[in-house]
Amino acid sequence: MTLFGGLNFQTGAIQDLANANSIVYSFGPGIRVRLFDGGRIESNLRVRESQAKQARLALEATLRAAIGEVESASSGLRYGIERARSLDLAAEAARDGVVLARELYDAGLSDLLQVVDAQREQVALEGNRLTAEQDALSAAVQLFRALGGGWQVLDLGWPTAILPLVTEASKNVQRSLSGSECWVG
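Given below as structure tokens:
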């Protein structure tokens, strides 16, 4: 809808142009309707609907991928923690086995080979436990990234969210080293 106005001169002779009676003006509303557009509006509508559908499908695919990453990282973390716990129990039993083998050797009821075998098994289990803890920490990082990343870095360079896990892992290392001295005969 438009509003228009016009100012014209209308006269039969050129000398009458300066006369006030020769001025003609018009003013009024106007409506402009397109009677035939060749289906352009419907075509544009279909294009926009198709673009919206493509955007929705892309968003759904992105969400499915993100949810899959979170589930995968979460299950990896859960498995890593369970594995580290079970290996911690096994390492604890191996430490007890070394103490028992040493007591039997000191009492003369076994030979030195049994003590060395017990120590070797303990060291192997401690190494496996540390590897499992490292895997759990890596899975924690993957989970944090899948959830959107974001942690603050300390001066030490460790992410603050992982620091308690690293502290616990270092305590486990200290505990295992203090409880299992490698001594022979």
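Just so it is clear: in the sequence shown, position 167 is 177 by the working numbering, and no numbers are missing. Heads up, the beta-carbon is just placed ideally off N, CA and C, and yes, glycines get one too.
Ordered along the chain, which non-local residues of its own chain (more than five positions away) have a Cβ less than 6 Å from that of residue i?
| i | result |
| --- | --- |
| G15 | F37 |
| L114 | S120 |
| G40 | T12 and F14 |
| D26 | S32 |
What does a CB cutoff of less than 7 Å around residue i pick up in its chain, not counting 5 residues either side in sequence?
| i | result |
| --- | --- |
| Q20 | S32 and V34 |
| A94 | R139, A142, E143 and A146 |
| G90 | A142, D145, A146 and A149 |
| N18 | V34 |
| G167 | Its pLDDT being 49, under 50, G167 is placed unreliably in this model, and the coordinates cannot settle the point. |
Count the other CB atoms, across all protein chains shown, that sit within 10 Å of the CB of residue i; report buried if there are 16 or more and exposed otherwise.
| i | result |
| --- | --- |
| R112 | buried |
| L67 | exposed |
| L97 | buried |
| E59 | exposed |
| S186 | Since pLDDT at S186 reaches only 48, below the 50 mark, its modelled position is unreliable, and the value read off the structure follows with that caveat. Flag for S186 reads buried. |
Does the Cβ-Cβ distance between residue i and residue j come in under 8 Å?
| i | j | result |
| --- | --- | --- |
| A65 | A156 | no |
| L135 | A101 | yes |
| Q129 | V108 | yes |
| R42 | T12 | yes |
| L87 | L153 | yes |
For residue i, I'd like the list of residues in its chain whose CB is within less than 8 Å of its CB, leaving aside the five on either flank, ordered along the chain.
| i | result |
| --- | --- |
| A76 | A156 |
| I24 | none |
| V80 | L153, A156 and L157 |
| R56 | none |
| D127 | A111 |
| S85 | none |
| N54 | none |
| D47 | none |
Problem - Whole beta strand (DSSP E) elements within the region 12 to 82, 3-residue minimum - result: Taking only runs of at least 3 residues, the beta strand (DSSP E) segments lying wholly in the region 12 to 82 are 12 to 19 and 33 to 40.
Problem - Every unbroken beta strand (DSSP E) within the region 101 to 129, with a cutoff of 3 residues, ordered by chain - result: The region 101 to 129 contains no whole beta strand (DSSP E) run of 3 or more residues.
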